[in-house]
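Novice:
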Amino acid sequence: MSNVRVRFAPSPTGPLHIGGVRTALYNYLFAKKNGGTFILRIEDTDQTRYVPEAEEYIIKSLEWFGIKPEEGPGIGGDFGPYRQSERKDLYGQYVTDLIEKGHAYYCFDTSAELTTWREKNEAQKIYGVKYNHATRMEMRNSLSLSKEETDRLLKEGENVTVRLKIPTGRNIEFEDAVRGAVSFNSDELDDKIILKGDGMPTYHLANIVDDHLMEITHVIRGEEWLPSTAHHVLMYEMFGWTAPSFSHLPLILKPVGSGKLSKRDGAKFGFPVFPLEWHDKEEDKTYQGFKEDGFLPEAVTNFLSLLGWNPGTDEEMFSLEELIKAFDPSRIVKSGAKFDIDKARWFNQQYIIAKPNTELVDLLLPIATEKGFDVSEDFMLKFADLMKERAEVIPDFFTAGGFFFEMPTEIDQKMAKKKYKLENRPHFDALIESMEGMQQFTSSSLESVVKSYIADNELSFGAIMPILRLGACGTMKGPDLFETMELLGKDTVVSRMKESIEIFSALKKAQNG
RNA sequence: GGCCCGUUCGUCUAGGGGUUAGGACGCCAGGUUUUCAUCCUGGUAGCAGGGGUUCAAAUCCCCUACGGGCUACCA
Numbered sequence: 002m003s004n005v006r007v008r009f010a011p012s013p014t015g016p017l018h019i020g021g022v023r024t025a026l027y028n029y030l031f032a033k034k035n036g037g038t039f040i041l042r043i044e045d046t047d048q049t050r051y052v053p054e055a056e057e058y059i060i061k062s063l064e065w066f067g068i069k070p071e072e073g074p075g076i077g078g079d080f081g082p083y084r085q086s087e088r089k090d091l092y093g094q095y096v097t098d099l100i101e102k103g104h105a106y107y108c109f110d111t112s113a114e115l116t117t118w119r120e121k122n123e124a125q126k127i128y129g130v131k132y133n134h135a136t137r138m139e140m141r142n143s144l145s146l147s148k149e150e151t152d153r154l155l156k157e158g159e160n161v162t163v164r165l166k167i168p169t170g171r172n173i174e175f176e177d178a179v180r181g182a183v184s185f186n187s188d189e190l191d192d193k194i195i196l197k198g199d200g201m202p203t204y205h206l207a208n209i210v211d212d213h214l215m216e217i218t219h220v221i222r223g224e225e226w227l228p229s230t231a232h233h234v235l236m237y238e239m240f241g242w243t244a245p246s247f248s249h250l251p252l253i254l255k256p257v258g259s260g261k262l263s264k265r266d267g268a269k270f271g272f273p274v275f276p277l278e279w280h281d282k283e284e285d286k287t288y289q290g291f292k293e294d295g296f297l298p299e300a301v302t303n304f305l306s307l308l309g310w311n312p313g314t315d316e317e318m319f320s321l322e323e324l325i326k327a328f329d330p331s332r333i334v335k336s337g338a339k340f341d342i343d344k345a346r347w348f349n350q351q352y353i354i355a356k357p358n359t360e361l362v363d364l365l366l367p368i369a370t371e372k373g374f375d376v377s378e379d380f381m382l383k384f385a386d387l388m389k390e391r392a393e394v395i396p397d398f399f400t401a402g403g404f405f406f407e408m409p410t411e412i413d414q415k416m417a418k419k420k421y422k423l424e425n426r427p428h429f430d431a432l433i434e435s436m437e438g439m440q441q442f443t444s445s446s447l448e449s450v451v452k453s454y455i456a457d458n459e460l461s462f463g464a465i466m467p468i469l470r471l472g473a474c475g476t477m478k479g480p481d482l483f484e485t486m487e488l489l490g491k492d493t494v495v496s497r498m499k500e501s502i503e504i505f506s507a508l509k510k511a512q513n514g
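In this note's numbering, the protein residues as written are 2 to 514.
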């Protein structure tokens, strides 16, 4: 029995984005690989940025991918509650502990004062001024103020925060499982706030306390946390706790340009950055998710797993189960990866092709119904089979295979003019007549009827086949013509052909003047 | 500005002293298919730059450049 315990700890400030999904995925894979436990913890300590729908969205998204937490809000577990807001009362004693040990101190500066202070410094071209060993005595806190003054201010109780007292002259070194040794000079670190004016802990405190209390053994999170890990390591030391192992994941970057992938990039580049649809109330805007854009969850996890990790072999098709077997955190890449939607689409196509037709129908039938097409499950089964190799995403079935449901209003006129010869009209009329007379309208009988007609009349395939396709489908692109016709059915094919031949003839006559 | 992390085809990556620097996506060409797609074959294209160390450097060291992250009473 392994005691590996990892957590995915998102902040419910909005929809989970694709980078978050990958972080969750790697945590999940690592836990499963080691027979450990994967925990979901909601870090909702920032009440100003809290978005009520976000938590449910996060849970639903993970569910869609098949990433199941064993402990978490709504799931339970022995280490709950799993929402930090519900753990609020628990953090106080740890703050007191740090203050008593002389590792933390009270501050009375208001945020407005701090802002003014920073601006004043910036005006003198001093950028990124820090609240630290060099400046703390100029500020209003329990270190710089007299005991009486401190007590008085504490009694008033307004604007009281608690900061970490970072020791000077320390070299803080820790081993990152992805990056190796990382070191910081403690003189460069700021005295981070650990308890806010509203009584809520900041990420830094809550995270360390909860990771300790929940017995987290491995912290796998985004690279944006690397700099503050120095603080975290120091805090473990101050508390006298053993720090977990740290792995900092490379960031997922924009496909072009620079910077990490953001919410707006989806709209900008025309691909989703969220798993599921998200309605942003503030902007009154709806963002499509991977699901709505017709991606399969298993394709997305496969693609995402390879963005910043590789198995060390040439293999790249991995189900979630196979990923668990293959996952090795030591093979996580150090540098950021640009999001490549083309590759994501390729993966999706591979998964569509491999997916059983019945499962495809589960996805396709509701869409067909929504579009107002009255079709049977059996029809959709055959449709899925014929179209699956032609779809990168689910909607492609309907854009590329729309003619299975209705004759396109826009037919490929250019091709019709090129391939249709007026003198062949009698042949098409004859072919339509033979089709009408067929008992069995199957692809094989259709094939023999058409092919023997072509042979008997010493015609070329090129003179007949394209027109048959165009006449029945309106487009040159599609699955095997005879199988397509079989699925379309005799009545549809015959009536479409009759109409089309008239149109083609008219087109040709107009062209000839 | 400061601190930290990074840099191999356009993109994702393998390769960690001796390799014709490998694979995948994309793109191009050919084959298969009466079309399209799938599939198959081939091609295209890369070690950021400069110094060291070494018989030998993509690989180890240093510098530079570039990219990224952090620098909030946000996570």
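Cβ coordinates follow ideal geometry from the N, Cα and C atoms, glycine included. The structure presented is a predicted model; accordingly, all values stated were derived computationally and were not measured.
Nearest CA to the CA of T359: which residue from K383, G337, A345 and W347?
Specialist: On the first sequence, residue 359 is found 358 positions in, with the first residue counted as 1. The option with the nearest alpha carbon to T359 is K383.
Novice: Is it right to say G1 is buried, meaning 16 or more other beta carbons lie within 10 angstroms of its own, or is it exposed?
Specialist: Residue 1 lies beyond the range of the chain shown here (2 to 514); nothing can be said about it.
Novice: I'd like the span of the alpha helix (DSSP H) that includes D98, first residue to last.
Specialist: As a first step, residue 98 is located in the first sequence; it is residue number 97 there, counting from the start. That run of the alpha helix (DSSP H) goes K89 to E101.
Novice: What is the DSSP secondary structure of S461, reduced to helix, strand or coil?
Specialist: Taking the first residue of the first sequence as 1, we reach residue 461 at position 460. Here S461 sits in coil by DSSP.
Novice: Enumerate in chain order the residues of its own chain whose CB-to-CB distance from F505 is below 6 Å, with the five nearest sequence positions on each side excluded.
Specialist: Working through the first sequence from its first residue, we reach residue 505 at position 504. Only A417 and Y421 meet the Cβ criterion.
Novice: Using only the heavy atoms of the ligand GDP, determine whether one of them is closer than 8 Å to the beta carbon of L365.
Specialist: For the structure depicted, the ligand GDP is absent and the ligand set is empty, with no information on it obtainable.
Novice: Please state whether DSSP places G373 in a helix, a strand or coil.
Specialist: For the purposes of this step, residue 373 is taken as residue 372 along the first sequence, with counting starting at 1. Correct three-state label for G373: coil.
Novice: Comparing alpha-carbon positions, which option in E101, D90 and Y132 lies nearest D110?
Specialist: Mapped onto the first sequence, residue 110 falls at position 109. Nearest C-alpha to D110: Y132.
Novice: If you follow the beta strand (DSSP E) that R222 is in, where does it begin and where does it stop?
Specialist: Within the first sequence, numbered from 1, the residue matching residue 222 stands at position 221. For R222, the enclosing beta strand (DSSP E) stretches over residues H219 to G223.
Novice: One question on the structure: do E176 and F240 come within less than 9 Å of each other, judged by their Cβ atoms?
Specialist: Numbered from 1 along the first sequence, position 175 holds the residue referred to as residue 176. Numbered from 1 along the first sequence, position 239 holds the residue referred to as residue 240. The answer is no: Cβ separation not under 9 Å.
Novice: Any chance you could list the alpha helix (DSSP H) runs of at least 4 consecutive residues sitting entirely within the segment 142-212, in chain order?
Specialist: As for any alpha helix (DSSP H) of minimum length 4 sitting wholly inside the segment 142-212, the runs are 148-157, ordered along the chain.
Novice: Would you mind working out which of E283, K255, I195 and V494 sits nearest L308, comparing C-alpha positions?
Specialist: The residue given as residue 308 occupies position 307 in the first sequence. Measuring from the Cα of L308, the nearest candidate turns out to be K255.
Novice: Within the continuous alpha helix (DSSP H) that includes D430, where are the two ends?
Specialist: By 1-based counting over the first sequence, the position of residue 430 is 429. D430 -> alpha helix (DSSP H) spans R426 to E437.
Novice: Within its chain, find whatever has a CB closer than 7 Å to the CB of W65; leave out the 5 residues flanking it on each side and keep chain order.
Specialist: What you label residue 65 is simply residue 64 of the first sequence in a count that begins at 1. Same-chain partners within the cutoff: P276, L277, K292 and P298.
Novice: Residues bridged to E72 by DSSP?
Specialist: For this step, residue 72 is matched to residue 71 along the first sequence. DSSP output for E72 lists I40 as bridge partner(s).
Novice: I'd like to check one pair, R42 with Y83: are the Cβ atoms closer than 9 Å?
Specialist: The residue given as residue 83 occupies position 82 in the first sequence. The residue given as residue 42 occupies position 41 in the first sequence. The answer is yes: Cβ separation under 9 Å.
Novice: Rounded C-beta distance between Y27 and I221? I'm assuming under 8 Å.
Specialist: By one-based count along the first sequence, residue 27 stands at place 26. By one-based count along the first sequence, residue 221 stands at place 220. Indeed they touch by this definition, with Cβ atoms about 5 Å apart.
Novice: G223 and L252 - do their beta-carbons sit closer together than 9 Å?
Specialist: Against the first sequence, residue 252 aligns to sequence position 251. Against the first sequence, residue 223 aligns to sequence position 222. The answer is yes: Cβ separation under 9 Å.
Novice: Suppose you measure from the CA of M201 to the CA of T46; what does that come to, to the nearest Å?
Specialist: Residue numbering aside, residue 201 sits at position 200 when the first sequence is read from its first letter. Residue numbering aside, residue 46 sits at position 45 when the first sequence is read from its first letter. If you take the alpha carbons of M201 and T46, they lie about 6 Å apart.
Novice: Report the residue from D281, D294 and I433 whose alpha carbon sits nearest the alpha carbon of P273.
Specialist: Taking the first sequence and counting its residues from 1, one reaches residue 273 at position 272. Of D281, D294 and I433, the residue nearest in Cα terms is D294.
Novice: Mind reading off the beta-carbon distance from M388 to P480? Whole number of angstroms is fine, and I expect it under 8 Å.
Specialist: As a first step, residue 388 is located in the first sequence; it is residue number 387 there, counting from the start. As a first step, residue 480 is located in the first sequence; it is residue number 479 there, counting from the start. About 7 Å separates the two Cβ atoms, so the contact holds.
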